[in-house]
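Engineer: Mind having a look at this structure? Questions to follow.
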Amino acid sequence: MSVYEGVWYNHAAQELVLTLRPAVAGFLEAALVTFVHLVAAATWPIWRFILYSIRQNSTQDVFHAQRQVAIRNSNTAANAAGQMLKMMFGWRKYKVHSFARNFIYLVVCVAVFILWTICGLYAPYIYTRTSPDVLLAGSELCGWPSTPGGATGESLEMFTLNEAAMVDGMRAADAYVQQCYGKNGSDVATKCNAYPHRSLNFTTSDGECPFGNNGEVCVSVNSTVMRVDTGYLDSSRDFGVNLGHENTIQYRKVSTCSPIHTAGFVNIINTTGTPLAADYLPGAVLLQYMYGPQFDYNFTYEYNYQQLFYPIGYTVAVADYIPGNSTVHDGWVANSTLYNQTDGDVSLVFMAGNQIKYPAPVYDPFYAAGLDPADAVQIPYQDTNVTYYTTTRAVSVIACKEQHQFCLAGSTENCSPLGGIGNILDKVDKLPGANMPQIATAGRIGYALATTSIAAVLTDLGPSALLVSRTLNGLQQLASLPIDQWRAEVSNWHSIAFARMQAIVLSYAAGPEKAAFNQYVQKPGPALQKWACKTQRVRDSHGYINFDMAGLIVLVVVGAGLVVLGFVFESLVGLVSKLGRRLGDRRHKWLAEGLYHLHKETLQARGVREWQDTDQVMPKSHWSMEPAAAMDDPNQAVSFLHVPMKVSTP
């Protein structure tokens with residue numbers, strides 16, 4: 004992914020941002036701190052003049068005169084504070100009250116020093132407070148991988164690549180969830196910065212059963228129907244599509260899941276003496292689950308009962324039904340006794356425990372074990388027998404109804420109805436006021452929906468999608484499963500699906516996740532490229548640094564103004580002093596105690612004459628000075644020959 008370097012507007016954070024690579028950003032960081040120090044030094048003349056003028060007409064003793072000279076010729080607040088301390092301790096043996104008379108000056112100098120130190124500490128705030136998001140530069144591989152035409156050799160090759168990529172992508176999503184989603188997630192982990200938002204959050208609650216005529220298909224013993232709701236996910240905040248509020252959309256997913264009964268939906272077939280006997284081992288008994296026909300079969304899923312007697316762990320199978328779009332689903336059509344609605348898709352998850360043994364009875368309806376006395380088995384261990392429990396049902400089933408919704412520009416009123424993926428995008432196009440950026444963004448999210456259903460998660464991951472598979476030791480379950488383990492499984496499946504959705508939406512703008520797909524990328528038209536290819540925001544994981552442009556501009560403009568004011572301050576004071584005699588006298592004292600004027604007095608005492616610009620900060624003379632003789636005695640005073648000579652003025 005190529006990161007855009009320069010100035011851009013982060014619509015989610017509502018801030019103007021300057022993004023720089025680490026080397027350049029480091030230079031700017033150092034320059035900002037240096038600039039603050041420059042401003043501090045440039046503005047000291049203003050503070051110096053204020054301090055000098057506080058008690059200009061007070062007691063005219065030597066202590067006062069030295070303090071005025073020290074303040075007048077200090078170059079920084081720290082330097083002035085140091086001079087005040089030197090005077091306080093240098094005069095401590097004399098009855099001039101040096102500590103009391105210099106205390107206020109010391110406090111002011113220290114306060115100015117602390118003020119600019121704090122300002123220096125604020126400079127890093129310009130980049131440390133800024134959102135870590137960066138904008139991707141437009142990729143030449145923006146778009147979805149696809150091939151035109153029918154089943155050509157090229158499209159078959161891509162199909163093979165796609166199948167492998169879907170499995171790899173879902174595995175990556177699973178790993179991402181374990182590392183970054185939920186309470187175990189960590190912002191510190193580099194991989195957790197892969198997407199604009201670390202996780203797509205959702206809430207769970209109890210719901211009503213959408214299966215059967217009156218919800219009687221859902222298991223109600225030790226179980227309550229589970230409703231998963233993402234709320235309204237913002238295309239800018241959650242998916243990183245960096246568009247203004249008027250061009251954003253919101254996406255929502257609502258799932259209703261529950262273990263469902265198998266009684267009344269199972270045909271038990273003994274293959275002995277039937278034409279099926281030739282296809283199975285002798286004595287095979289088949290369990291055919293009749294939730295609707297799939298492909299050319301009149302059943303949805305078939306389980307061979309002989310699996311219970313082989314050393315096999317968890318196995319899973321899925322079926323998904325998408326009403327109104329026969330080209331999208333896998334061939335299963337739900338029968339009306341299970342599902343007779345059209346406002347959502349259905350995923351069925353079939354799970355068989357097979358030879359898995361549990362250390363304690365399991366009352367969870369999906370993993371039920373040890374509920375029948377025949378489920379208990381004795382396994383010898385050292386000098387005793389240990390009791391384990393096998394699965395009570397050969398196959399358990401969870402059904403999920405999945406619904407999707409899009410809303411325009413952050414409004415929960417201008418929304419499509421909750422429905423399945425079969426026609427959801429058509430409904431977005433027909434929403435009042437839908438514009439091209441919104442339609443393009445909905446298309447990116449909608450593309451990911453078909454491959455991020457619950458059925459897709461279980462298809463790609465198989466038994467590894469089950470949390471209980473992570474606590475296995477061979478065929479022995481080490482964990483004592485809670486009564487609501489199935490709800491944890493459903494939550495995990497949704498998390499994996501959302502992590503995969505984040506990756507797919509990002510890959511549209513960033514380019515395919517696998518380089519093998521590069522040759523198949525179909526770029527969007529010119530009108531869509533502006534809205535879809537150059538608007539993707541991600542969280543930075545490559546060291547790029549963002550600067551708050553508003554803060555940077557304020558710092559530079561205000562700082563530059565103070566620097567200019569500091570440089571011209573004495574000239575301004577000179578102009579103002581012409582407005583009155585009293586001001587003129589103060590101006591004269593200010594000049595007289597300046598470094599160059601004090602030096603003038605020293606030189607003048609030694610005979611240097613013909614001074615010019617005596618009303619300026621730096622008086623000048625055309626006289627030159629040459630030493631009369633070298634010093635033979637270190638205690639010998641230096642004398643000068645003062646020779647007037649004409650020097651051309653510039």
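In this text, residue positions in the sequence shown follow the numbering used here: the first is 4, and each later residue adds one.
Where is the CB? At the ideal position from N, CA and C, for every residue including glycine.
List the whole-angstrom C-beta distance separating T415 from Y304, where the pair is believed to meet the contact cut-off of C-beta under 8 angstroms.
Structural biologist: About 39 angstroms separates the two Cβ atoms, so there is no contact after all.
Engineer: Just mark F298 as buried or exposed, buried being the case when its beta carbon has 16 or more other beta carbons within 10 Å.
Structural biologist: That one is exposed.
Engineer: Alpha carbon to alpha carbon, how far is N204 from D323? Give it in angstroms, no decimals.
Structural biologist: Distance between the alpha carbons of D323 and N204 is about 24 angstroms.
Engineer: What residue from S498, A337, I107, T538 has the CA that sits closest to D232's CA?
Structural biologist: Taking only the C-alpha atoms, the option nearest D232 is S498.
Engineer: According to DSSP, is M4 helix, strand or coil?
Structural biologist: Coil, per DSSP.
Engineer: Using 8 angstroms as the cut-off, can you tell me whether the segment 450-469 makes contact with the segment 163-175, which would need three or more C-beta pairs spanning the two stretches below that distance?
Structural biologist: A contact exists between the segment 450-469 and the segment 163-175.
Engineer: When we look at the beta-carbon of T22 and count the other beta-carbons within 10 Å, is it buried (16 or more) or exposed?
Structural biologist: Answer is buried; the Cβ neighbour count reaches 16.
Engineer: Round the Cβ separation of H264 and V222 to the nearest angstrom and send it over; I've been treating them as touching at under 8 angstroms.
Structural biologist: Confirmed, about 6 angstroms.
Engineer: Please work out which residues of its chain come closer than 6 angstroms, Cβ to Cβ, to G554, disregarding the five sequence neighbours upstream and downstream, and give them in chain order.
Structural biologist: Answer for G554: I129, listed in chain order.
Engineer: Restricting to Cα atoms, I'd like to know which of L284, A371, Y547 is closest to G276.
Structural biologist: Cα-wise, what sits closest to G276 is L284.
Engineer: Please list the segments of the beta strand (DSSP E) lying wholly inside the segment 280-335, counting only runs of 3 or more residues, in order along the chain.
Structural biologist: As far as the segment 280-335 is concerned, its whole beta strand (DSSP E) runs of at least 3 residues are 288-292, 304-307, 318-324.
Engineer: Which runs of the beta strand (DSSP E), 3 residues or longer, sit entirely within the segment 516-550?
Structural biologist: Here the runs fully enclosed are 540-542.
Engineer: Locate the beta strand (DSSP E) running through A379, then write down its first and last residues.
Structural biologist: Run containing A379: 379-384, per the beta strand (DSSP E) assignment.
Engineer: From Y12, P48, T79, pick the residue whose C-alpha is nearest to that of S134; which is it?
Structural biologist: For the residues Y12, P48, T79, the minimum Cα distance to S134 belongs to Y12.
Engineer: Classify K603 as helix, strand or coil using the three-state DSSP reduction.
Structural biologist: K603: helix per DSSP, three-state reduction.
Engineer: For C112, which residues in the same chain have their Cβ closer than 7 angstroms to its Cβ, ignoring the five residues on either side in sequence?
Structural biologist: Answer for C112: A80, A83, A84, M87, listed in chain order.
Engineer: Identify every residue that forms a DSSP beta bridge with I271.
Structural biologist: Answer is L290, bridged to I271.
Engineer: Can you tell me where the beta strand (DSSP E) holding E18 begins and where it ends?
Structural biologist: That run of the beta strand (DSSP E) goes 18-23.
Engineer: Just to check my reading of the structure: L144 and V524 have Cβ atoms closer than 8 angstroms, yes? What is that Cβ distance to the nearest angstrom?
Structural biologist: Indeed, because the Cβ distance is near 5 angstroms, the residues count as touching under 8 angstroms.
Engineer: Tell me whether the segment 114-132 and the segment 526-545 touch, counting them as touching only if at least three CB pairs, one residue from each stretch, are closer than 8 angstroms.
Structural biologist: Verdict: no, contact absent.
Engineer: For T274, collect the residues of the same chain with a Cβ closer than 6 angstroms to its Cβ; drop the 5 residues on either side in sequence, then sort them by chain order.
Structural biologist: Only A280, Y283, A287 meet the Cβ criterion.
Engineer: Work out the CA separation of N417 and P25 for me, nearest whole Å.
Structural biologist: Between P25 and N417, the C-alpha separation is close to 43 angstroms.
Engineer: Just tell me which of Q182, Y366, F66 has its CA closest to the CA of R95.
Structural biologist: Residue F66 is the option with its Cα nearest to R95.
Engineer: Under 6 angstroms Cβ to Cβ from L35, same chain only, skipping five residues before and after it: list those, please.
Structural biologist: For L35, where only same-chain residues beyond five positions count, the Cβ hits under 6 angstroms are A126.
Engineer: Given R490, which residues of its chain have a CB within under 8 angstroms of its CB, disregarding the five upstream and five downstream residues?
Structural biologist: The residues are T207, M229.
Engineer: Answer yes or no: does any C-beta atom of chain C fall closer than 8 angstroms to that of A84?
Structural biologist: The structure shown contains no chain C; it holds only a single protein chain.
Engineer: Find the nearest neighbour of Y7 within the set R201, A513, G449, judged by alpha-carbon distance.
Structural biologist: Answer by Cα proximity: A513.
Engineer: Give me, in chain order, the residues of the same chain whose beta-carbon lies closer than 7 angstroms to that of I252; leave out the 5 immediate sequence neighbours on both sides.
Structural biologist: If we look at I252 and ignore the five residues flanking it on each side, its Cβ neighbours are S238, F409, C410, L411, Q441, T444, A445.
Engineer: Does the segment 301-317 come close enough to the segment 347-366 to have 3 or more Cβ pairs within less than 8 angstroms?
Structural biologist: Taking 8 angstroms as the limit for Cβ pairs, the verdict is that the segment 347-366 does touch the segment 301-317.
Engineer: So what does Y254 bridge to, in DSSP terms?
Structural biologist: Paired residue(s): L236, F409.
Engineer: Exposed or buried, N495, counting other C-beta atoms within 10 Å across all chains shown (16 or more means buried)?
Structural biologist: The residue is buried, with at least 16 neighbouring Cβ atoms inside 10 Å.
Engineer: Given a cut-off of 8 angstroms on the beta-carbon distance, is the pair S456 and E405 in contact?
Structural biologist: It is a contact, given that the beta carbons lie within the stated cut-off.
Engineer: Quick one: using the 10 Å Cβ neighbour count with 16 as the cut-off for buried, is H602 buried or exposed?
Structural biologist: Answer is exposed; the Cβ neighbour count stays below 16.
Engineer: Find out if the Cβ-Cβ distance for the pair N196, D543 is shorter than 8 angstroms.
Structural biologist: Contact flag set, yes.
Engineer: Whole-angstrom Cβ separation of D348 and I424, contact assumed at under 8 angstroms?
Structural biologist: So it is a contact: roughly 6 angstroms between Cβ atoms.
Engineer: List the endpoints of the continuous alpha helix (DSSP H) containing V431.
Structural biologist: It spans 427-432 - the alpha helix (DSSP H) in which V431 sits, taken as one unbroken run.
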